[in-house]
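Colleague: Which chain is which? The protein sequence lines are G and F, in order.
In this text, residue positions in the first sequence follow the UniProt record's numbering: the first is 1, and each later residue adds one.
In this text, residue positions in the second sequence follow the UniProt record's numbering: the first is 1, and each later residue adds one.
Heads up, the beta-carbon is just placed ideally off N, CA and C, and yes, glycines get one too.
Below are the structure tokens for one structure; questions will follow.
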Amino acid sequence: MNKKTIEIITELDIITARKLGRNEAKRIGFDKVDQARITTAIGELAKNIFFYAQTGKIVIEETIREGIKGIAITSIDKGQGIGDVQKVLEGEHSPTSTGAGLPAVKRLVDSINIESEIGKGTIVKIVKWLS
Amino acid sequence: MQQLKKLYKQILSDYICNQNESDLYIGQNLIKQMIQKNVSPEDVISIHKQALEEFYGELPETVIHAYDFLIEVMVHYGLKVKEHQSLLVKQEEMRIEMDIAAQIQNQLLENEVPKTKCTDIGMISVPLRKMNGDYVHFKYDSANYLGVAVTDVVGKGVPAALCMSMVKYGLDTLEYANSNPSYVLEVLNQLIEKSVDDSMFVSLFYARYNLHSNIFTWSSAGHEPSLYYNAAEHTFYDLEAKGLLLGILPEVKYSQQELELKENDFIIIMTDGVTDFRKNEGFDAREKIKELALSFQHLNAQEMCNTIYQELLKLQDFKLYDDFTVVIIKKNKLF
């Protein structure tokens, strides 16, 4: 399955990531509203990288589970990391860390998974299924 | 969801035909149900767009783009609204915690104005925010001496309030009302210098009043000068001192001075929040306070405090800019 990777270095890369994500969502078969949600989620992840971790990448791929297609987006950065993932998802983060905006992203997709280590970076994986 | 979609389309088509007020009202009720079912704003727009496509066939391409734009923007709008709501919830939690903290502070710092035979004492202390950075402490041994400290932590709110608790316990450990004011300042200075953050300073005016000899002895650490009214001379004097703020340097020495209070004399001790307003307009608050004190000197000390507060509040358009504290000590006529 084809996998698209976008390095986030400049602000323009945020738009590139959104564009690729939207095309992929459309190709998989998501409707307009879900396309908008997926794109917004990708935008939030890319913004987190750009503003708080300086560099990192977004990986977009199709995924399938029990015959249902979906889209998986992974954001990988080498930023400062998140101390308490649970708190971040409940919205109790400092607004200046890579955890900003994650509670919002969580509302847009079906699942979110965060792995993070202080000082080393953060990996966020989100999935949305075709309903 | 399918049900709600169908209802929406029905109500919309009715409205397009008749523009009836009742259809709008039904539409409002439908939105209520949609919110309960967690239907997001972008879903509503999508339903609306689909309905139009059903009614009129293919919409013009420009209109379709416009709807897609609206859907996109509303996804983000919905997110931001939710973020905002969760901030409001958090703010409310903090407000409740602050209320509790302020209550605890009030209990900790509560200090009754002593009643003595030969003096009349009044006090008012109003915090700008919930927690007070000013504090008034009385010591009274009922026989000989009355001690009074008026303090102001440089800074406001919670940090100032936490620092103030320590000043209070410093004053408590000094126990006796007959301590020399200069000694009180030296001890407190050491305590604050050692234990409080470098950015925290405290100004303090300490006075000891000998109830037999009527000698008023005072010392000040960087505090707003108090006012002394000599009734026989009809004159106000500033009780000025060059003492350094508490907490800047260790081992600071403070000097003390004294005066004798006679019948109808009074002393006004205040914090800089009382005098520090409208300075840029060239307004002289100290002169105003003197004027007010003179015209209300027939009142008792507490009424004088209240009146001065009310009058100064009026001059600031009923909006404090700093914690506000005034203590008035009047020599009673009876003795």
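List the residues of chain F whose Cβ lies closer than 7 Å to the Cβ of residue 127 of chain G, in chain order.
Modeller: Stepping through the first sequence from its first residue, residue 127 of chain G is reached at position 127. Those do not exist, as residue 127 of chain G stays about 18 Å from chain F at its closest Cβ, beyond 7 Å.
Colleague: DSSP has residue 69 of chain G in a bridge; who is on the other side?
Modeller: Position 69 of the first sequence, counting from 1, holds the residue named residue 69 of chain G. Residue 69 of chain G pairs with G/64.
Colleague: State the DSSP-derived secondary structure class of residue 226 of chain F, mapped to helix, strand or coil.
Modeller: Residue numbering aside, residue 226 of chain F sits at position 226 when the second sequence is read from its first letter. Residue 226 of chain F: strand per DSSP, three-state reduction.
Colleague: I want to know whether the region 106-113 of chain G touches the region 124-131 of chain G - three or more CB-CB distances under 8 Å.
Modeller: Cβ pair count under 8 Å is three or more, so yes.
Colleague: Nearest CA to the CA of residue 68 of chain F: which residue from G/21, G/84, G/34?
Modeller: Counting from one through the second sequence, the residue named residue 68 of chain F turns up at place 68. Ranking G/21, G/84, G/34 by Cα distance to residue 68 of chain F puts G/34 first.
Colleague: Our contact map puts residue 205 of chain F next to residue 154 of chain F with C-beta atoms below 8 Å; I'd like the distance itself, whole angstroms only.
Modeller: Reading the second sequence from its first residue, position 205 is the one you call residue 205 of chain F. Reading the second sequence from its first residue, position 154 is the one you call residue 154 of chain F. The Cβ separation is near 14 Å, so there is no contact.
Colleague: Identify which residue in F/57, F/237, F/251 has its Cα closest to the Cα of residue 243 of chain F.
Modeller: Residue mapping note: residue 243 of chain F aligns to position 243 of the second sequence, counting from 1. The shortest Cα separation from residue 243 of chain F among F/57, F/237, F/251 belongs to F/251.
Colleague: For chain G, find out if any of its Cβ atoms is closer than 8 Å to the Cβ of residue 82 of chain F; answer yes or no.
Modeller: For the purposes of this step, residue 82 of chain F is taken as residue 82 along the second sequence, with counting starting at 1. Cβ-Cβ to chain G under 8 Å: yes for residue 82 of chain F.
Colleague: Between residue 35 of chain F and chain G, is the shortest Cβ-Cβ distance under 8 Å, so that the two count as touching?
Modeller: If you number the second sequence from 1, residue 35 of chain F lands on position 35. Not an interface residue.
Colleague: For residue 123 of chain F, which three-state DSSP category applies?
Modeller: Reading the second sequence from its first residue, position 123 is the one you call residue 123 of chain F. Residue 123 of chain F falls in the strand class under three-state DSSP.
Colleague: For the structure I just gave you, are there three or more beta carbon pairs, one from the region 157-176 of chain F and one from the region 128-145 of chain F, closer than 8 Å?
Modeller: Cβ pair count under 8 Å is three or more, so yes.
Colleague: Pick out the complete beta strand (DSSP E) segments inside the region 233-274 of chain F, 3 residues or longer, and give them in chain order.
Modeller: Entirely contained in the region 233-274 of chain F, the beta strand (DSSP E) runs reaching 3 residues are, in chain order, 235-239, 257-260, 266-270.
Colleague: How about residue 65 of chain G: is its C-beta nearer than 8 Å to some C-beta of chain F?
Modeller: For the purposes of this step, residue 65 of chain G is taken as residue 65 along the first sequence, with counting starting at 1. No - not a single Cβ of chain F is within 8 Å of the one on residue 65 of chain G.
Colleague: At the level of alpha carbons, what is the spacing between residue 350 of chain F and residue 255 of chain F?
Modeller: This structure cannot speak to residue 350 of chain F, because chain F is shown only from 1 to 335.
Colleague: Where are the alpha helix (DSSP H) runs, 4 residues long or more, that stay fully inside the region 290-318 of chain F, in chain order?
Modeller: Complete alpha helix (DSSP H) runs here, min 4: 301-315.
Colleague: Are residue 208 of chain F and residue 241 of chain F closer than 8 Å when you measure CB to CB?
Modeller: The residue you call residue 208 of chain F lines up with position 208 of the second sequence. The residue you call residue 241 of chain F lines up with position 241 of the second sequence. Not closer than 8 Å, so no.
Colleague: When the cut-off is 8 Å and only beta carbons count, does residue 32 of chain G lie next to chain F?
Modeller: Along the first sequence, read from residue 1 onward, the residue named residue 32 of chain G stands at position 32. Yes, because at least one Cβ of chain F sits closer than 8 Å to the Cβ of residue 32 of chain G.
Colleague: When the distance is taken between beta carbons, is residue 307 of chain F closer than 8 Å to residue 152 of chain F?
Modeller: One-based indexing of the second sequence puts residue 152 of chain F at position 152. One-based indexing of the second sequence puts residue 307 of chain F at position 307. In this structure, residue 307 of chain F does not lie closer than 8 Å to residue 152 of chain F by Cβ.
Colleague: Just the C-alpha distance for residue 58 of chain G and residue 21 of chain G, rounded to the nearest angstrom, thanks.
Modeller: As a working mapping, residue 58 of chain G is identified with position 58 in the first sequence. As a working mapping, residue 21 of chain G is identified with position 21 in the first sequence. Residue 58 of chain G and residue 21 of chain G: Cα-Cα distance of roughly 10 Å.
Colleague: Span of the beta strand (DSSP E) holding residue 113 of chain G?
Modeller: Locating residue 113 of chain G in the first sequence gives position 113, counting from the first residue. It spans 111-117 - the beta strand (DSSP E) in which residue 113 of chain G sits, taken as one unbroken run.
Colleague: For residue 27 of chain G, would you say it is in contact with chain F, using Cβ-to-Cβ distances shorter than 8 Å as the test?
Modeller: By one-based count along the first sequence, residue 27 of chain G stands at place 27. Cβ-Cβ to chain F under 8 Å: no for residue 27 of chain G.
Colleague: Note down, in chain order, all residues in the region 63-90 of chain F with a beta-carbon under 7 Å from any beta-carbon belonging to chain G.
Modeller: Within the region 63-90 of chain F, the residues whose Cβ lies closer than 7 Å to some Cβ of chain G are 68, 71, 72, 75, 76, 79, 82, 83, 86, listed in chain order.
Colleague: Which runs of the beta strand (DSSP E), 3 residues or longer, sit entirely within the region 19-104 of chain F?
Modeller: Those beta strand (DSSP E) runs which fall completely within the region 19-104 of chain F and span 3+ residues do not exist here.
Colleague: In this structure, what does DSSP give as the bridge partners for residue 217 of chain F?
Modeller: Taking the second sequence and counting its residues from 1, one reaches residue 217 of chain F at position 217. BP columns for residue 217 of chain F point to F/208, F/258.
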